[in-house]
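Residue numbers (the working numbering), protein chains in the order written: chain A, 1 to 204; chain B, 1 to 818. The next block holds one structure in the form of structure tokens; read it before the comments.
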Ligand code: HEM
Ligand SMILES: [Cu+2]
């Protein structure tokens with residue numbers, strides 16, 4: 001149930017974005033109610049010349065500028081925290097999309113290749129270097145982080161992390177033709193011991 | 001002359017041909033406006049049927065109703081039809097119908113161009129419909145990302161239909177935009193200052209200029225992609241120096257402004273209707289104009305927010321995120337000015353107002369979710385999910401369809417000249433609005449639960465089933481509502497009674513005429529001294545009908561109207577419009593053959609039809625000339641004016657200025673694309689850069705000088721110099737192409753060919769224009785009646801020189817720097 005939900009996060013990146021969403025929803029609801037209230041009120045009060053400055057400058061310019069400045073600052077802070085910064089325990093893996101499958105590789109085990117299953121260690125930041133063999137795709141594990149595109153000739157790096165060991169559903173999330181619906185993969189997060197075992201295994 | 005005799009005389013002059021022939025030869029903005037609106041509604045119905053197919057397919061999980069082959073065509077065509085064949089043409093139709101009437105003039109600046117644009121729209125739209133019926137419709141999504149839409153990803157003809165059909169249709173957008181702009185600036189009632197224009201005209205002006213600067217990147221992108229598909233010129237193929245992201249930049253450079261091109265006309269209608277419904281005047285006219293203009297400008301700086309997940313560097317993301325949130329400010333200015341207008345008036349709840357309330361409730365939500373997705377981290381989750389589908393429909397349906405329903409019920413008495421029975425309309429309202437929110441509100445949540453857009457079906461267990469079922473049922477309720485609106489329109493057109501002239505007690509000039517309107521709009525052109533002339537001069541309609549304004553005398557037996565000063569609206573000259581003609585439909589049919597030749601890869605048709613189009617254009621333009629000057633003729637109120645044939649800035653000069661604005665944007669986009677590939681695309685530099693050599697540079701400089709001098713001499717002698725100069729420039733361009741003989745080798749070579757081809761095309765156009773001018777002089781046309789044409793020729797010649805020099809420099813620059 002809800003294995004693709006962005007509002008059931010299972011990693012730090014998805015978690016801060018989910019919090020961001022709830023904040024956005026609360027703010028948007030308040031603003032919507034305020035605006036509808038103003039409109040309904042127009043019917044309930046006597047007509048008369050109104051001061052255009054109150055509406056246009058106060059509400060039209062001042063109000064959104066203040067709200068948006070705050071929101072933007074918040075968004076930028078969140079964005080900073082999602083950046084793939086270098087660190088001692090960062091793991092680097094590779095994802096290559098194609099019609100309609102994913103192939104994964106591992107810096108820590110150069111010979112390893114997996115098809116449609118990405119193995120990562122739980123509790124450690126993982127940088128996924130994303131590219132494509134044909135058309136544009138996108139790499140998305142909704143419960144772990146946002147999505148990033150696989151663009152021909154470019155390599156994009158996405159930071160993901162799973163809080164706990166387990167299986168997480170992933171999707172190709174850029175429309176890519178006939179097989180788009182089933183362009184999916186699985187992320188398997190291992191505890192430290194299992195991760196070591198995976199790295200030492202022969203290519204399956 | 002009595003009002004009735006004047007009416008008869010003017011009708012004889014202005015009427016379209018009778019019978020079926022009239023449909024094809026009319027150049028009247030009233031006829032063509034209605035035809036535009038009817039065809040746009042037809043496409044709305046087609047797009048709506050496709051939407052119903054989508055919703056039927058998604059109603060339950062694992063649906064086997066449509067497979068991916070069909071589903072992909074259907075959602076692509078739904079988006080494409082709604083954006084290109086419904087929304088934009090509906091605005092064009094509305095502006096074509098209303099603007100001259102609101103501005104107090106008798107037709108648009110270029111009546112034959114209106115007809116030409118309309119027929120291009122019909123023929124291009126028919127190509128798209130044909131592809132749908134034949135089962136070969138485009139299927140790469142309405143934004144057509146390569147390489148999925150390239151020859152590798154989409155080998156069939158499907159994508160070619162999109163690239164060629166939509167480009168054909170865009171001719172109508174560009175021509176409508178040129179004439180809307182020129183009409184607003186030069187064709188108004190006497191004395192109507194810019195600051196006294198009806199607010200809708202300001203919005204239409206901003207929208208039209210945005211079309212002129214927003215559509216060229218798309219047209220360029222489509223041409224490049226078609227060149228890649230047809231001839232292997234690798235603009236978007238990374239292995240040969242292209243870059244798939246170039247398409248995304250070009251597309252969204254168009255695509256984001258497009259959203260405001262759709263919203264602004266609706267906002268113009270709201271600003272017009274809302275004060276009338278609230279029995280007051282618009283609050284903050286100046287602020288609203290400023291907001292519309294800044295929205296227009298800002299919207300060109302946001303396109304990257306559609307590409308937040310493509311791997312743009314962090315600083316870029318921050319900049320475009322800030323810019324994207326900033327557009328909410330001018331939008332808020334308008335919303336709160338409208339609310340202030342409601343507060344200061346005594347609002348009534350007629351049907352148009354009901355639809356404006358639906359607009360507020362819906363569009364505000366769409367705007368708020370828009371701010372959400374402008375925040376980059378949130379967009380990384382929401383992008384390409386049903387959250388976006390819901391957001392975009394809240395904006396497009398709330399911000400365009402609902403206001404257009406207000407427009408329908410507000411102006412229907414004008415078009416049909418009858419009052420309506422509103423009961424059906426109210427029933428439809430209560431089906432459509434709840435139906436809409438039932439369809440899309442919960443889909444936001446489905447998106448957050450991970451439902452991607454563009455999937456043809458889905459499995460159960462993700463919590464999507466109930467949401468989709470509700471959405472599908474509601475969408476059918478909404479569809480029934482739209483069907484009732486259609487029935488309502490038909491019933492009103494056929495059965496309802498003739499109503500009062502100005503049923504809403506509005507103040508703008510379109511209500512100063514009997515309805516349905518006469519072919520000539522105004523029996524005489526009024527003098528206007530305020531924004532709401534009918535409020536200040538209630539018997540203005542009578543004065544107009546009695547011929548007390550300008551040009552009330554129809555003794556000359558031809559279609560005349562006033563051209564006014566841009567800022568003050570003071571009369572400057574008299575424009576004589578052409579009569580009914582089949583030339584526009586003929587020319588657009590031949591244009592259609594041109595596009596068809598490319599679509600079917602029957603390339604021999606292409607030059608053939610190009611010659612046909614040129615021949616039509618020459619006939620078209622030749623007819624504008626006059627042998628003898630007419631001198632000043634009386635325009636009424638003791639004023640005597642020259643006609644357009646005798647002035648240095650005829651309508652064609654103004655039209656050229658704005659066409660060159662679009663053309664210059666096209667060229668600018670090409671340079672942008674070139675710079676993008678040069679600096680960003682992975683596989684650069686190419687094997688070799690070209691160089692014209694010293695001889696080439698001398699030829700370039702000499703040719704440019706000859707043209708600049710030649711266009712400033714007398715036409716026939718000057719022509720010799722110009723032709724020599726053009727030949728020199730063309731030789732340099734062709735020479736550069738020969739130095740990179742295989743345009744499929746690398747994106748650099750391909751770009752070089754496009755740059756040079758663009759210059760060569762302009763050399764041909766300038767040669768034709770100046771040749772025509774010389775022919776006129778040789779045919780005995782007086783110097784006085786060719787001043788305007790000479791200035792138009794000079795404008796194009798200067799442009800051609802400039803772009804040739806820039807294009808040649810650009811082509812050689814990377815080689816010089818390395
Ligand atoms: C009348 C009711 C409408 C319904 C029920 C409806 C429904 C839908 C649905 C379900 C999709 C998503 C398809 C998918 O991703 O698989 C969609 C896509 C879209 N719709 Fe609508 N729509 C309606 C009206 C409109 C209107 C009025 C416009 C524009 C003026 C519009 C523009 C679009 C666009 C641009 C897309 C994206 C197409 C793509 O992904 O390539 N729709 N619509
Ligand atoms: Cu946008």
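Idealized CB from N, CA, C, for every residue including glycine.
Residue from the options with nearest C-alpha to residue i
i, options, result
"residue 549 of chain B", "B:430, B:189 and B:755", "B:189"
"residue 215 of chain B", "B:261, B:197, B:243 and B:233", "B:261"
"residue 67 of chain B", "A:151, A:106, A:61 and A:181", "A:181"
"residue 627 of chain B", "B:110, B:517, B:478 and B:787", "B:787"
"residue 2 of chain B", "B:596, B:637 and B:547", "B:547"
"residue 185 of chain A", "A:97, A:111 and A:57", "A:97"
"residue 510 of chain B", "B:429, B:541, B:191 and B:463", "B:541"
"residue 815 of chain B", "B:724, B:691, B:551 and B:89", "B:691"
"residue 196 of chain B", "B:534, B:118, B:699 and B:703", "B:534"
"residue 380 of chain B", "A:188, A:131, A:189 and A:173", "A:173"
"residue 84 of chain B", "B:69, B:675 and B:173", "B:173"
"residue 728 of chain B", "B:717, B:699, B:720 and B:634", "B:699"
"residue 106 of chain B", "B:139, B:30 and B:596", "B:30"
"residue 557 of chain B", "B:5, B:286 and B:10", "B:10"
"residue 253 of chain B", "B:394, B:732 and B:665", "B:665"
"residue 586 of chain B", "B:568, B:318, B:613 and B:573", "B:613"
Distance cut-off 7 Å: residue i Cβ against heavy atoms of ligand 1
i, result
"residue 66 of chain B", "no"
"residue 83 of chain B", "yes"
"residue 397 of chain B", "yes"
"residue 414 of chain B", "no"
"residue 478 of chain B", "yes"
"residue 7 of chain B", "no"
"residue 475 of chain B", "yes"
"residue 54 of chain B", "yes"
"residue 433 of chain B", "no"
"residue 142 of chain B", "yes"
"residue 453 of chain B", "yes"
"residue 676 of chain B", "no"
"residue 51 of chain B", "yes"
"residue 636 of chain B", "no"
"residue 79 of chain B", "yes"
"residue 87 of chain B", "yes"
"residue 469 of chain B", "no"
"residue 43 of chain B", "no"
"residue 391 of chain B", "no"
"residue 439 of chain B", "yes"
"residue 48 of chain A", "no"
> So which residues put a beta carbon under 6 Å from any heavy atom of ligand 2, going in chain order?
Replying inline: B:256, B:259, B:302, B:305 and B:306
> Of all the alpha helix (DSSP H) runs that stay within the bounds of the segment 12–40 of chain A, which reach a length of 4 or more residues?
Replying inline: none
> Are three or more beta carbon pairs between the segment 401–409 of chain B and the segment 350–360 of chain B nearer than 8 Å?
Replying inline: yes
> Quick one: complete alpha helix (DSSP H) runs, 4+ long, within the segment 548–611 of chain B?
Replying inline: 583–599
>> What ranges does the alpha helix (DSSP H) occupy inside the segment 379–427 of chain B, keeping only unbroken runs of at least 4 residues that lie completely in it?
In response: 386–396 and 402–416
> Are three or more beta carbon pairs between the segment 123–136 of chain B and the segment 97–114 of chain B nearer than 8 Å?
Replying inline: no
> In the segment 126–196 of chain B, which residue ranges form an unbroken beta strand (DSSP E) of at least 3 residues, counting only runs that do not cross its ends?
Replying inline: none
>> Ignoring anything shorter than 4 residues, give me the alpha helix (DSSP H) runs that lie fully in the segment 323–364 of chain B, in order along the chain.
In response: 328–344
> Using 8 Å as the threshold, is the segment 243–263 of chain B in touch with the segment 292–305 of chain B, meaning 3 or more CB pairs across them?
Replying inline: yes
> Does the segment 749–758 of chain B touch the segment 705–724 of chain B, meaning 3 or more C-beta pairs lie closer than 8 Å?
Replying inline: no
>> Does the structure place the segment 185–203 of chain B close enough to the segment 513–528 of chain B that three or more beta carbon pairs sit under 8 Å?
In response: yes
> Could you give the uninterrupted runs of the beta strand (DSSP E) lying entirely in the segment 486–542 of chain B, keeping only those of 3 residues or more?
Replying inline: none
>> Closer than 8 Å is the cut-off here; do at least three beta carbon pairs connect the segment 24–34 of chain A with the segment 359–372 of chain B?
In response: yes
>> For a minimum of 3 consecutive residues, which ranges assigned as the beta strand (DSSP E) are wholly contained in the segment 84–157 of chain A?
In response: 91–98, 101–106, 113–115, 117–121, 126–132, 137–140 and 148–150
>> I'd like to know if the segment 579–598 of chain B and the segment 18–31 of chain B are in contact, where contact means that at least 3 CB-CB pairs between them fall below 8 Å.
In response: yes
> Would the segment 269–289 of chain B and the segment 323–340 of chain B be scored as touching if the rule is three or more Cβ pairs under 8 Å?
Replying inline: yes
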